[in-house]
Amino acid sequence: MDNVGHTHRIVVKAQIWRDGRLLIIKRAPDSDPYPGLWDVPGGSVHKGETIDQGLRRETSEEVDLALSHIRPLTSWSTGQQESLVIGLSYLATSETDTVTLSDEHTDFEWADPASIGDYDFPPNLEKEIKWVIAKGWHRFLKV
604 MDNVGHTHRI VVKAQIWRDG RLLIIKRAPD SDPYPGLWDV PGGSVHKGET IDQGLRRETS
664 EEVDLALSHI RPLTSWSTGQ QESLVIGLSY LATSETDTVT LSDEHTDFEW ADPASIGDYD
724 FPPNLEKEIK WVIAKGWHRF LKV
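What the sequence shown shows, in the working numbering, is residues 604 to 746, in sequence order.
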């Protein structure tokens, strides 16, 4: 199969848990994609970066947090073959809960697991978060 001309973008996402709560961030109304929806920190890995470097950079840029105890969670893909997005999700903690948002986001919350259904998330993210909660994995992440 000929892959010439096809691009694959790698996206990383971090479910950051602290004291039993998940950091969620609200995308700005003019965001593309998913304007106004709640999300977790993450974004595209840049050329020349490792996956870990991209995850740490995106988290620092979006919420000004340093990650610790990073663990792989899931992989996923979306889009068409010509512009496929390959996603990698991680569980992590942070040494602090002090968040400074980027201009790409308008709000943040350290959400209680019982309230996750009260927020509007991009497709499949809510399911992934609820899966982590059901497995109890968020309880094992300690600072």
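Here a beta-carbon is modelled for each residue, glycine too, at the ideal position from N, C-alpha and C.
Here residue 647 is bridged, per DSSP, to 614.
In the DSSP assignment, the residues bridged to residue 688 are 612, 681. Using a Cβ-Cβ distance cut-off of 8 angstroms, the segment 738-745 and the segment 656-665 are not in contact, since fewer than three pairs of beta carbons, one from each stretch, lie closer than that value. Ranked by how close their Cα comes to the Cα of residue 614, the residues 701, 674, 644 have 644 in first place. Between the alpha carbons of residue 651 and residue 627 lies a gap of roughly 28 angstroms. Residue pairing by DSSP places residue 675 opposite 693 in a beta bridge. Secondary structure at residue 712: strand, using DSSP grouped into helix, strand and coil. Around the Cβ of residue 674, a 10 Å sphere holds fewer than 16 other Cβ atoms; the residue is exposed.
In terms of CA proximity to residue 617, 666 leads the group 632, 666, 703, 639.
Around the beta carbon of residue 692, 16 or more other beta carbons lie within 10 angstroms, which makes this residue buried.
In the assembly as shown, residue 646 is a buried residue. Its beta-carbon has 16 or more other beta-carbons within 10 Å. For residue 621, the CB contacts under 7 angstroms within the same chain, skipping 5 residues up- and downstream, are 696, 697, 700, 713, 746 in chain order. Counting along the chain, residue 719 sits inside no alpha helix (DSSP H), nor does DSSP assign it H or E at all.
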